[in-house]
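**Q** The opening residue of the sequence shown carries number 38 in our numbering; numbering runs sequentially from there. The structure is given below, and queries will be raised subsequently.
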Amino acid sequence: LPPPRTEIFSGKAVTHEDIKYEQACVLYNLGALHSMLGAMDKRVSEECAAGAFTYLRDHFPHSYSVDMSHQILSLNINLMLGQAQECLLEKSMLDNRKSFLVARISAQVVDYYKEACRALENSETASLLGKIQKDWKKLVQMKIYYFAAVAHLHMGKQAEEQQKFGERVIYFQSALDKLNEAIKLAKGQPETVQEALRFTMDVIGGKYNSAKKDNDFIYHEAVPALDTLQSVKGAPLVKALPVNPTDPAVTGPDIFAKLVPMAAHEASSLYSEEKAKLLRDVMAKIEAKNEVLDQFMDSMQLDPETVDNLDMYSHIPAVLMEKCAALSVRPDTVRNLVHSMQVLSGVFTDVEASLKEIRELLEEDEAEERKLQELLGGRVPPAPGSPPGLAEVSKECSKYLELHEKASFTNTELHRAMNLHLGNLRLLGGPLEQVRAALPSPSLTEEDRQVLQTLKRILAKVQEMREQRVSLEQQLREMIQKDDITTSLVTTDRSVLQTGMGTPQVSPPVSPPLSCSNPEPTDPPLCPQKLFEEQLRKYDQLKVYLEQNLAAQENVLKALTDANVKYAAVRKGLAEVEHKWNTTVQTLVASYEAYEDLMKKSQEGKDFYTDLEGKVAKLLERARAACQASQAQRQQLLER
Numbered sequence: 038l039p040p041p042r043t044e045i046f047s048g049k050a051v052t053h054e055d056i057k058y059e060q061a062c063v064l065y066n067l068g069a070l071h072s073m074l075g076a077m078d079k080r081v082s083e084e085c086a087a088g089a090f091t092y093l094r095d096h097f098p099h100s101y102s103v104d105m106s107h108q109i110l111s112l113n114i115n116l117m118l119g120q121a122q123e124c125l126l127e128k129s130m131l132d133n134r135k136s137f138l139v140a141r142i143s144a145q146v147v148d149y150y151k152e153a154c155r156a157l158e159n160s161e162t163a164s165l166l167g168k169i170q171k172d173w174k175k176l177v178q179m180k181i182y183y184f185a186a187v188a189h190l191h192m193g194k195q196a197e198e199q200q201k202f203g204e205r206v207i208y209f210q211s212a213l214d215k216l217n218e219a220i221k222l223a224k225g226q227p228e229t230v231q232e233a234l235r236f237t238m239d240v241i242g243g244k245y246n247s248a249k250k251d252n253d254f255i256y257h258e259a260v261p262a263l264d265t266l267q268s269v270k271g272a273p274l275v276k277a278l279p280v281n282p283t284d285p286a287v288t289g290p291d292i293f294a295k296l297v298p299m300a301a302h303e304a305s306s307l308y309s310e311e312k313a314k315l316l317r318d319v320m321a322k323i324e325a326k327n328e329v330l331d332q333f334m335d336s337m338q339l340d341p342e343t344v345d346n347l348d349m350y351s352h353i354p355a356v357l358m359e360k361c362a363a364l365s366v367r368p369d370t371v372r373n374l375v376h377s378m379q380v381l382s383g384v385f386t387d388v389e390a391s392l393k394e395i396r397e398l399l400e401e402d403e404a405e406e407r408k409l410q411e412l413l414g415g416r417v418p419p420a421p422g423s424p425p426g427l428a429e430v431s432k433e434c435s436k437y438l439e440l441h442e443k444a445s446f447t448n449t450e451l452h453r454a455m456n457l458h459l460g461n462l463r464l465l466g467g468p469l470e471q472v473r474a475a476l477p478s479p480s481l482t483e484e485d486r487q488v489l490q491t492l493k494r495i496l497a498k499v500q501e502m503r504e505q506r507v508s509l510e511q512q513l514r515e516m517i518q519k520d521d522i523t524t525s526l527v528t529t530d531r532s533v534l535q536t537g538m539g540t541p542q543v544s545p546p547v548s549p550p551l552s553c554s555n556p557e558p559t560d561p562p563l564c565p566q567k568l569f570e571e572q573l574r575k576y577d578q579l580k581v582y583l584e585q586n587l588a589a590q591e592n593v594l595k596a597l598t599d600a601n602v603k604y605a606a607v608r609k610g611l612a613e614v615e616h617k618w619n620t621t622v623q624t625l626v627a628s629y630e631a632y633e634d635l636m637k638k639s640q641e642g643k644d645f646y647t648d649l650e651g652k653v654a655k656l657l658e659r660a661r662a663a664c665q666a667s668q669a670q671r672q673q674l675l676e677r
């Protein structure tokens, strides 16, 4: 029996009388070694250690040991891919790449870690890892929230570049929320992690506060709900480092080479190359067709799930239902807002009237003073006990007028904002049928519906073609992987194997190609070309199915082109309705969220004008008294 292997997590000794198990263990250790080398290397390469684990998952049974189960290997693969994508994200940020690209790269980091988290949440994985599972899950979840925050930070920066100031606020707010979740999960992490989180909080917090302040006081754009915006799709830009277990550069010399005759071993290698050549030829055709298909679908920009998107119009969105429910328990919302603004308007009007009266009193006094000057020929003797209060009154009046003018602009903006939101608040507080009726919905003719049905049917055909192609490719790979004719080569008569052979073509050769014209004196190489041809016939049926699948693509794409031409007008109409629908939802949500702010600013305005009213009222009394005293002095001068 071979020596037992130890499972990495459970510590159990495992033994199998199967050479493939030994190969699997070596591959597992190779993946672990690559991960360690990757951790030591500079963070500038997109290659990662997932290659060995991927090969192990795709080519070996998962029943050998628990740490080679599908879930554990998927966990390892996604952890490696996630960390490699992190390196690429860091490089992209240092290179000042476009904000949208950085957001997509970061979103892909989130996707990889979500896959890893799903593997960790598997009951089999949890029972195997024990306490480690909880620690790992907490760390992975922290990374998910952190990189989601980074993605939304850069989506906010993109919105800023596009001058979509409402979207900028919600993206920065979402980034802040996700970062706070990451900070909660980061308790117990090293100080370097805490420092990175604090730095990120300074950046995102500053961005959010600045964006919100600018929007509140300058742009006044409606802030959309996050779930009404298009989600950020990840951009997978990393790749697993390919691992070929038959490559001597990876595995070293074959220590089992002498277990079979050298000639049979060499012939088996030649057959492996024939299989590889077959697979390369088929894959070249598949990849060429896939490239054409991908480019075609990208140019069409057709998503089968959102071709018509009619379901969204059949109900009120959850974010709007939440606002309606909140207003239903506060029926006095609109009345309170109107009353508050009326009170503010009343105080505003009183202050304006008092300031106007003061200004008129001062102007009237100045006019009387000019008349006296003209009457007395410009020489007005100083009157004893002349009231000094008019200068102070004029100075204070100017100060209060300046405050009133500044506040008047804010008051006007506040009334404009209230009038903008008041109708929406009444709608949200009313019956749900009225809310649903206020949301735009498409009006499709029977012909339009037929066009949509045809398009969706053809898109489903495209998806079916893709899935069938992937399935056939996987069957071919599995069939080639399991195809081992070494036993046949060892037991077949050498004279039969050498019949009708020439020099086999090996591309690219790992060692000089074998040739029947250059035999070794003691052990001539096998050249079983006829046997190869017979063995390769087992793949003919799969090749036929694949050829049919590839040939069908041209007809499917032609039908899709024709359907898309008819869909263009319908698509434009649906896009316009969807834009109006989203805008309406965002506006209604913004009106609800603006209510508390309007009430707060209205109260601040009332407090300001109440204080100013008291000061102006006292100033008016002083102005009246000073003007009366000034008039009395002028009368005395005239009598003299």
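C-beta atoms are modelled at their ideal positions from N, C-alpha and C, and glycine is treated no differently. Since the model is a prediction, treat every value here as computed from it, not as a measurement.
#1: Give the DSSP bridge partners of Val177, in chain order.
#2: Would you kindly work out how many angstroms separate the C-alpha atoms of Asp335 and His616, rounded to a whole number?
#3: Pull up the CB-CB distance for Leu496 and Leu339, whole angstroms please, since I reckon it's below 8 Å.
#4: Let me know if Asp148 comes out buried or exposed under the rule of 16 or more other beta-carbons within 10 Å of its beta-carbon.
#5: Determine the contact status of Leu594 and Val329, defining contact as a CB-CB distance below 9 Å.
#6: Going by beta carbon distance, what residues of the same chain come within less than 6 Å of Met179, once the five residues before and after it are set aside?
#7: Would Asn252 and Val240 qualify as a contact pair, given that the criterion is a beta-carbon distance under 9 Å?
#8: Would you list, in sequence order, the uninterrupted beta strand (DSSP E) runs of no fewer than 3 residues that lie entirely inside the stretch 116-161?
#9: Rounded to whole angstroms, how far is the Cβ of Ala153 from the Cβ of Val177, which I believe are closer than 8 Å?
#10: How would you write the range of the alpha helix (DSSP H) that Val230 sits in, first residue to last?
#11: Relative to the alpha-carbon of Pro477, which residue among Thr621, Gln170, Ala121 and Arg671 has its alpha-carbon at the smallest distance?
#12: What residues in its chain sit with their C-beta under 8 Å from that of Asn373, if we drop five residues either side in the sequence?
#13: Could you tell me if Thr91 is buried or exposed, where buried requires 16 or more neighbouring beta carbons within 10 angstroms of its beta carbon?
#14: To the nearest angstrom, report how far apart Leu70 and Leu116 are at their CA atoms.
#15: Would you check if the distance between the CB atom of Leu392 and the CB atom of Val653 is smaller than 9 Å?
#16: Considering only C-alpha positions, which residue in the set Gly460, Lys270, Gln108 and Val63 is nearest to Asn679?
#17: According to DSSP, simplified to helix, strand and coil, what is Lys643?
#18: Rounded to the nearest angstrom, what separates Ser136 and Gln195 at their Cα positions?
#19: Looking only at its chain, what residues have a beta carbon closer than 7 Å to the beta carbon of Phe645, apart from the 5 residues adjacent to it on each side?
#20: DSSP three-state label for Lys393, please.
#21: Residue range of the alpha helix (DSSP H) that Gly271 falls in?
#22: Mind the definition here: the stretch 457-475 touches the stretch 361-368 only if three or more C-beta pairs lie below 8 Å; say whether that holds.
#23: Please report the distance separating the alpha-carbon of Gln665 from that of Thr370.
#24: Note the first and the last residue of the continuous alpha helix (DSSP H) segment covering Ser480.
#25: Can you tell me where the alpha helix (DSSP H) with Gln338 in it begins and where it stops?
#26: Where does Val499 land, buried or exposed, given buried means 16+ other C-beta within 10 angstroms?
#27: Taking 9 Å as the threshold (C-beta atoms), are Val356 and Asp264 in contact?
#28: May I ask you to verify whether the stretch 191-210 touches the stretch 126-140, counting CB pairs closer than 8 Å and requiring at least 3?
#29: Looking at the secondary structure, which residues open and close the alpha helix (DSSP H) in which Pro570 lies?
#30: Short of 7 Å in beta carbon distance, which residues of its chain neighbour Ala420, apart from the five on each side in sequence? Order them along the chain.
#31: With a 10 Å radius around its C-beta and 16 neighbouring C-beta atoms as the bar for buried, classify Ile255 as buried or exposed.
#32: Using alpha carbons as the reference points, say which of Met238, Tyr58 and Ser628 lies closest to Met455.
#33: Is Val366 helix, strand or coil when you go by DSSP?
#34: Quick check: what's the CA-CA separation for Ser423 versus Glu389?
#35: Considering Cα atoms alone, identify which of Ser639, Pro273, Ser351 and Val607 is closest to Ala474.
**A** A quick look at the data gives this:
#1: Numbered from 1 along the sequence shown, position 140 holds the residue referred to as residue 177. Bridge partners of Val177: none, in fact.
#2: Along the sequence shown, one-based indexing puts residue 335 at 298. Along the sequence shown, one-based indexing puts residue 616 at 579. Approximately 22 Å between the Cα atoms of the pair.
#3: Working through the sequence shown from its first residue, we reach residue 496 at position 459. Working through the sequence shown from its first residue, we reach residue 339 at position 302. Indeed they touch by this definition, with Cβ atoms about 6 Å apart.
#4: Walking along the sequence shown from the start, residue 148 turns up at place 111. A residue is called buried when at least 16 other Cβ atoms come within 10 angstroms of its Cβ; Asp148 meets this threshold and is buried.
#5: As a working mapping, residue 594 is identified with position 557 in the sequence shown. As a working mapping, residue 329 is identified with position 292 in the sequence shown. Taking 9 Å as the Cβ cut-off, Leu594 and Val329 qualify as a contacting pair.
#6: On the sequence shown, residue 179 is found 142 positions in, with the first residue counted as 1. Correct list, in chain order: Ala219, Leu222 and Ala223.
#7: Here residue 252 refers to the residue found at position 215 when the sequence shown is read from its first residue. Here residue 240 refers to the residue found at position 203 when the sequence shown is read from its first residue. Taking C-beta atoms as the reference points, Asn252 and Val240 fail to come closer than 9 Å.
#8: Those beta strand (DSSP E) runs which fall completely within the stretch 116-161 and span 3+ residues do not exist here.
#9: Numbered from its first residue, the sequence shown carries residue 153 at position 116. Numbered from its first residue, the sequence shown carries residue 177 at position 140. Yes, they are in contact, since the Cβ atoms of Ala153 and Val177 sit about 5 Å apart, within 8 Å.
#10: Start at 1 with the first residue of the sequence shown, and residue 230 comes out as number 193. DSSP places Val230 inside the alpha helix (DSSP H), whose first and last residues are Glu228 to Asp251.
#11: Numbered from 1 along the sequence shown, position 440 holds the residue referred to as residue 477. When each option's Cα is compared against that of Pro477, the closest is Thr621.
#12: Numbered from its first residue, the sequence shown carries residue 373 at position 336. Cβ neighbours of Asn373 within its own chain (closer than 8 Å, five residues either side excluded): Met636.
#13: Numbered from 1 along the sequence shown, position 54 holds the residue referred to as residue 91. Of the residues assessed, Thr91 falls on the buried side of the cut-off, its CB having 16 or more other CB atoms within 10 angstroms.
#14: If you number the sequence shown from 1, residue 70 lands on position 33. If you number the sequence shown from 1, residue 116 lands on position 79. Distance between the alpha carbons of Leu70 and Leu116: 14 Å.
#15: What you label residue 392 is simply residue 355 of the sequence shown in a count that begins at 1. What you label residue 653 is simply residue 616 of the sequence shown in a count that begins at 1. Yes, Cβ-Cβ distance for Leu392 and Val653 is below 9 Å.
#16: Examination of residue 679 is not possible in this model, given that the chain is present from 38 through 677 alone.
#17: Against the sequence shown, residue 643 aligns to sequence position 606. Residue state, collapsed to three classes: helix.
#18: If you number the sequence shown from 1, residue 136 lands on position 99. If you number the sequence shown from 1, residue 195 lands on position 158. Looking at the two C-alpha atoms, the distance is approximately 5 Å.
#19: Locating residue 645 in the sequence shown gives position 608, where the first residue counts as 1. So the list reads Ala444, once near-sequence residues are dropped.
#20: Reading the sequence shown from its first residue, position 356 is the one you call residue 393. In the three-state scheme derived from DSSP, where H, G and I count as helix and E and B as strand, Lys393 is classed as helix.
#21: Within the sequence shown, residue 271 is the residue found at index 234, counting from 1. Run containing Gly271: none; DSSP gives neither H nor E here.
#22: By the criterion of at least three beta-carbon pairs nearer than 8 Å, the stretch 457-475 is in contact with the stretch 361-368.
#23: Reading the sequence shown from its first residue, position 628 is the one you call residue 665. Reading the sequence shown from its first residue, position 333 is the one you call residue 370. Roughly 49 Å separates the two Cα atoms.
#24: Locating residue 480 in the sequence shown gives position 443, counting from the first residue. Where Ser480 is concerned, there is no enclosing alpha helix (DSSP H), given that its DSSP letter is neither H nor E.
#25: If you number the sequence shown from 1, residue 338 lands on position 301. Per DSSP, Gln338 lies in no alpha helix (DSSP H) segment and is marked neither H nor E.
#26: For the purposes of this step, residue 499 is identified with residue 462 of the sequence shown, where counting begins at 1. It counts as buried.
#27: On the sequence shown, position 227 is the one that residue 264 refers to. On the sequence shown, position 319 is the one that residue 356 refers to. Going by C-beta atoms, Asp264 is nearer than 9 Å to Val356.
#28: The answer is yes - the stretch 126-140 touches the stretch 191-210, with three or more Cβ pairs under 8 Å.
#29: Against the sequence shown, residue 570 aligns to sequence position 533. It should be noted that the sequence gives Glu, not Pro, for residue 570. In the DSSP assignment, Glu570 falls within the alpha helix (DSSP H) that extends over Gln566 to Leu573.
#30: In the sequence shown, the residue the question calls residue 420 occupies position 383. Residue placement at Ala420 cannot be trusted, given a pLDDT of 48 that sits under 50; what the coordinates show is reported in the next sentence. Excluding positions up to five away in sequence, the list reads Gln670, Gln673 and Leu674.
#31: For this step, residue 255 is matched to residue 218 along the sequence shown. Classification of Ile255: exposed, given that the 10 Å Cβ count is below 16.
#32: In the sequence shown, the residue the question calls residue 455 occupies position 418. The residue with the shortest Cα to Cα distance from Met455 is Ser628.
#33: One-based indexing of the sequence shown puts residue 366 at position 329. Coil at Val366, not helix or strand.
#34: Position 386 of the sequence shown, counted from the start, is the residue given in the question as residue 423. Position 352 of the sequence shown, counted from the start, is the residue given in the question as residue 389. Below a pLDDT of 50, predicted positions are generally treated as unreliable, and Ser423, at 41, falls in that range; no measurement from the model is reported.
#35: By 1-based counting over the sequence shown, the position of residue 474 is 437. Nearest Cα to Ala474 within the set Ser639, Pro273, Ser351 and Val607: Ser351.
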